[in-house]
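S.K.: To convert, count from 1 in the sequence shown and add 34; that's the numbering used here. All residues carry an ideal CB built from backbone N, CA and C; glycine is no exception. Please read all numbers here as calculations on a predicted model, not as lab measurements. First, the structure itself, so that you have it in front of you.
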Amino acid sequence: MTNLYRDIPTFDDFAKVLDGTVYHALPDDWWVGTSDIVGSTKAVEAGRFKDVNMVGASVICAVSNALGHSDYPFLFGGDGASFACPPDKIDAVRNAMATTATWAAETLDLELRVGLVQIADIRSADRDVRVARYAVSDPVSYAMFAGGGMQWAEDQMKHGQNLIAPAPSGHRPDLTGLSCRWSPIRADGTDVILSIIVAPCDNRARFDSTVNDLLAILDDSPRKSSPIPASGPGVAFPPPGLHLEAEATKHNEGGYVKAWLKAFYIALIAVILMKTGWKLGAFDPRRYRDYTGYNTDFRKFGDGLWMTVNCSKARAEEVEAHLRAAELQGDIYYGTHRQRTAIMTCIVPSITSDAHFHFLDGGEGGYTAAATAFKAKRKSGQSIANA
């Protein structure tokens with residue numbers, strides 16, 4: 035079967051996410067999946083940043099394994115994820131989502147809400163799902179979404195529509211490849227890690243102008259304000275997410291202890307290779323670290339702009355002042371959150387392939403905290419508009 039998503043041409047200039055011509059409509063019979071953690075704000079306030087991100091990325095990993103690692107468009111949102119997929123394996127996808135919800139509840143005590151809706155139903159509600167492919171390296175591109183359909187699908191799920199019930203107790207997804215071995219990434223010097231969410235109001239041209247100016251501000255910094263150091267992220271031993279990796283794989287490894295010991299051993303070998311630069315077979319630690327920097331989703335577009343950036347306090351003030359002025363003019367809704375660290379959750383199908391994915395979020399609240407302010411503004415704006 036032809037993979038329609040892979041047929042979409044890629045682009046490597048991030049500013050083109052605002053160019054409607056790079057987006058392509060998906061077929062009516064494709065499906066959109068959405069997920070989010072109920073009560074994620076409280077979990078983040080309790081310091082469970084890594085747990086929340088691990089569950090958010092787990093949906094992408096489980097669906098990827100259900101699809102046999104065929105490329106499909108997805109978007110990581112910190113406390114959840116959205117994606118689109120063809121209909122041929124929708125039963126396997128539905129099962130992956132249901133079992134992931136059960137895994138999240140029974141191993142991490144987090145309620146993961148999941149939903150599926152067909153694109154034809156989204157279009158009948160006057161929304162669309164159009165996808166672009168932003169290439170961050172030769173083997174990896176991230177999906178960008180436009181048309182309002184992904185946001186509509188998420189909103190419907192949160193209102194109790196198109197929900198998938200969790201699988202029976204004890205059922206587990208295939209989370210092979212899900213890991214979180216990198217150390218938290220600290221902001222340079224006195225800089226901050228800034229989480230940013232920006233979405234349009236009614237005038238798309240004014241939103242585009244605001245975002246173009248925002249990108250110009252952030253691009254005028256080393257590595258376009260990416261938090262990933264030029265030498266790649268750091269490693270520590272034992273990695274802080276070791277127990278989470280064991281929880282994700284214990285049903286495949288014969289129990290938690292065996293899964294933990296395996297993850298511990300792999301992490302030990304990895305930290306030795308990363309520290310020394312020694313190669314092991316086809317694994318080149320320097321190349322892997324380089325591609326980790328390339329393949330990180332620190333900026334993306336999903337019916338709005340999502341960014342996790344490193345910037346000086348002065349630049350953060352400039353960014354927030356710019357967004358505040360645009361919001362006061364009715365051009366955008368936005369939410370931001372400052373913190374000192376960023377954290378990474380990874381999907382690594384093979385350590386000898388360059389096609390590994392790395393999801394970045396703020397380390398002390400991130401997108402979840404930024405979304406709290408953003409959602410309140412959007413809800414207030416919609417209430418006024420509907421009055």
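If we count the other Cβ atoms within 10 Å of its Cβ and call it buried at 16 or more, is THR68 buried or exposed?
M.R.: On the sequence shown, position 34 is the one that residue 68 refers to. Counting Cβ neighbours within 10 Å, THR68 comes out buried, since at least 16 surround it.
S.K.: Report buried or exposed for LYS347, applying the criterion of at least 16 other Cβ atoms within 10 angstroms of its Cβ.
M.R.: Position 313 of the sequence shown, counting from 1, holds the residue named residue 347. With fewer than 16 Cβ atoms within 10 Å of its Cβ, LYS347 is classed as exposed.
S.K.: Pick from ALA177, VAL291 and VAL151: whose alpha carbon is nearest that of ASP189?
M.R.: For this step, residue 189 is matched to residue 155 along the sequence shown. Per the Cα distances, VAL151.
S.K.: If distances are taken between C-alpha atoms only, which option among ARG82, PRO61 and HIS58 comes closest to GLY397?
M.R.: Position 363 of the sequence shown, counted from the first residue, corresponds to residue 397. Of ARG82, PRO61 and HIS58, the residue nearest in Cα terms is ARG82.
S.K.: What's the call for ARG434, buried or exposed, on a 16-neighbour Cβ count within 10 Å?
M.R.: Missing from the structure shown is residue 434; the chain here goes from 35 to 421 and no further.
S.K.: Can you tell me whether VAL86 is helix, strand or coil according to DSSP?
M.R.: Residue 86 sits at position 52 when you count from the first residue of the sequence shown. Helix, per DSSP.
S.K.: Is the Cβ-Cβ distance between ILE227 and ALA221 less than 8 Å?
M.R.: Sequence index remark: in the sequence shown, residue 227 carries index 193 (1-based). Sequence index remark: in the sequence shown, residue 221 carries index 187 (1-based). Yes, they are a contact pair.
S.K.: At a cut of 8 Å, does the region 90 to 98 reach the region 106 to 116 through at least three beta carbon pairs?
M.R.: yes
S.K.: Here's the rule: buried if 16 or more other CB atoms are within 10 angstroms of the residue's CB, otherwise exposed. What is HIS371?
M.R.: Walking along the sequence shown from the start, residue 371 turns up at place 337. HIS371 is buried by the Cβ-count criterion.
S.K.: According to DSSP, is PRO43 part of a helix, a strand, or is it coil?
M.R.: The sequence position of residue 43 within the sequence shown is 9, counting from 1. Looking at PRO43 - three-state DSSP - the assignment turns out to be coil, as it is neither helix nor strand.
S.K.: Reducing DSSP to helix, strand and coil, say where ALA221 ends up.
M.R.: As a position in the sequence shown, residue 221 is number 187, starting the count at 1. Coil at ALA221, not helix or strand.
S.K.: If you reduce the DSSP assignment to three classes, tell me which class THR136 lands in.
M.R.: As a working mapping, residue 136 is identified with position 102 in the sequence shown. THR136: helix per DSSP, three-state reduction.
S.K.: Give me whichever residues DSSP pairs with CYS380 in a beta bridge.
M.R.: Mapped onto the sequence shown, residue 380 falls at position 346. Bridge partners of CYS380: SER213 and HIS392.
S.K.: Is it buried or exposed for SER417, if we count other Cβ within 10 angstroms and need 16 for buried?
M.R.: Here residue 417 refers to the residue found at position 383 of the sequence shown. Confidence at SER417 is low in this model, with a pLDDT of 44, below 50, so the placement of that residue should be treated as unreliable; the coordinate-derived value is given next. Flag for SER417 reads exposed.
S.K.: Would you call ASN420 buried or exposed, if buried means 16 or more other Cβ atoms sit within 10 Å of its Cβ?
M.R.: Reading the sequence shown from its first residue, position 386 is the one you call residue 420. Because the pLDDT of ASN420 is 41, which lies under 50, any placement of that residue in the model is unreliable, and the number read from its coordinates should be weighed accordingly. With fewer than 16 other CB atoms across the displayed protein chains lying within 10 angstroms of its CB, ASN420 is exposed.
S.K.: Going straight from the alpha carbon of MET308 to that of VAL269, what length do you get?
M.R.: As a working mapping, residue 308 is identified with position 274 in the sequence shown. As a working mapping, residue 269 is identified with position 235 in the sequence shown. One alpha carbon belongs to MET308, the other to VAL269, and they sit about 8 Å apart.
S.K.: Going straight from the alpha carbon of CYS214 to that of ILE306, what length do you get?
M.R.: Locating residue 214 in the sequence shown gives position 180, where the first residue counts as 1. Locating residue 306 in the sequence shown gives position 272, where the first residue counts as 1. About 17 Å.
S.K.: Among the candidates LEU146, ILE385 and LEU314, whose CA atom is the shortest distance from the CA of ALA199?
M.R.: Your numbering for residue 199 matches position 165 in the sequence shown. Among LEU146, ILE385 and LEU314, the Cα nearest to that of ALA199 belongs to LEU146.
S.K.: Is the Cβ-Cβ distance between ALA179 and PHE335 less than 8 Å?
M.R.: Walking along the sequence shown from the start, residue 179 turns up at place 145. Walking along the sequence shown from the start, residue 335 turns up at place 301. Note on identity: in this sequence residue 179 is Phe, with Ala being the wrong assignment. Going by C-beta atoms, PHE179 is nearer than 8 Å to PHE335.
S.K.: Going by alpha carbons, who is nearest to GLU354 out of LEU394, ARG320, VAL245 and LYS296?
M.R.: Reading the sequence shown from its first residue, position 320 is the one you call residue 354. The candidate whose alpha carbon is nearest that of GLU354 is VAL245.
S.K.: What first and last residue would you give for the beta strand (DSSP E) that runs through PHE241?
M.R.: Position 207 of the sequence shown, counted from the start, is the residue given in the question as residue 241. PHE241 -> not in any beta strand (DSSP E); alpha helix (DSSP H) instead, spanning 238 to 253.
S.K.: What residues in its chain sit with their C-beta under 7 Å from that of ARG128, if we drop five residues either side in the sequence?
M.R.: As a working mapping, residue 128 is identified with position 94 in the sequence shown. If we look at ARG128 and ignore the five residues flanking it on each side, its Cβ neighbours are LEU150 and ILE198.
S.K.: Look up TRP64 in the DSSP assignment and give the residues it is bridged to.
M.R.: Mapped onto the sequence shown, residue 64 falls at position 30. None; TRP64 has no bridge partner.
S.K.: For TYR325, does the count of other Cβ atoms within 10 angstroms reach 16, so buried, or fall short, so exposed?
M.R.: Translated into positions along the sequence shown, residue 325 becomes position 291. Buried, since its Cβ has 16 or more Cβ neighbours within 10 Å.
S.K.: I'd like the list of long-range same chain contacts for ALA59, defined as Cβ closer than 6 Å, with 5 residues on each side in sequence excluded.
M.R.: Here residue 59 refers to the residue found at position 25 of the sequence shown. Answer for ALA59: ARG164, listed in chain order.
S.K.: Between TYR328 and SER171, which are expected to be in contact by the criterion C-beta below 8 Å, what is the C-beta distance as a whole number of angstroms?
M.R.: On the sequence shown, residue 328 is found 294 positions in, with the first residue counted as 1. On the sequence shown, residue 171 is found 137 positions in, with the first residue counted as 1. Between SER171 and TYR328 the Cβ distance is about 4 Å, and since that is below 8 Å, they are a contact.
S.K.: Out of LEU212, TYR39, ALA304 and ILE156, state which residue places its alpha-carbon closest to the alpha-carbon of LEU278.
M.R.: The residue labelled residue 278 in the question sits at position 244 within the sequence shown. For LEU278, the nearest C-alpha among the options comes from LEU212.
S.K.: Tell me where the alpha helix (DSSP H) around ILE300 begins and ends.
M.R.: Position 266 of the sequence shown holds residue 300. That run of the alpha helix (DSSP H) goes 290 to 310.
S.K.: Since ALA348 is in the alpha helix (DSSP H), which residue starts that stretch and which ends it?
M.R.: Stepping through the sequence shown from its first residue, residue 348 is reached at position 314. Unbroken alpha helix (DSSP H) run through ALA348: 347 to 362.
S.K.: Ends of the beta strand (DSSP E) at ILE262?
M.R.: What you label residue 262 is simply residue 228 of the sequence shown in a count that begins at 1. Premise fails: ILE262 is in no beta strand (DSSP E) and is neither H nor E.
S.K.: On the three-state DSSP scale, how would you describe TYR328?
M.R.: For the purposes of this step, residue 328 is identified with residue 294 of the sequence shown, where counting begins at 1. Helix.
S.K.: So which of GLY400, GLU352 and THR75 has the shortest CA-CA distance to ILE251?
M.R.: Numbered from its first residue, the sequence shown carries residue 251 at position 217. Taking only the C-alpha atoms, the option nearest ILE251 is GLU352.
S.K.: Let me check understanding here. Comparing Cα to Cα, which of SER387, PRO173, THR55 and ASP85 lies closest to GLY315?
M.R.: Taking the first residue of the sequence shown as position 1, residue 315 is located at position 281. For GLY315, the nearest C-alpha among the options comes from SER387.
S.K.: First and last residue of the alpha helix (DSSP H) that includes LEU278?
M.R.: If you number the sequence shown from 1, residue 278 lands on position 244. LEU278 -> alpha helix (DSSP H) spans 276 to 287.
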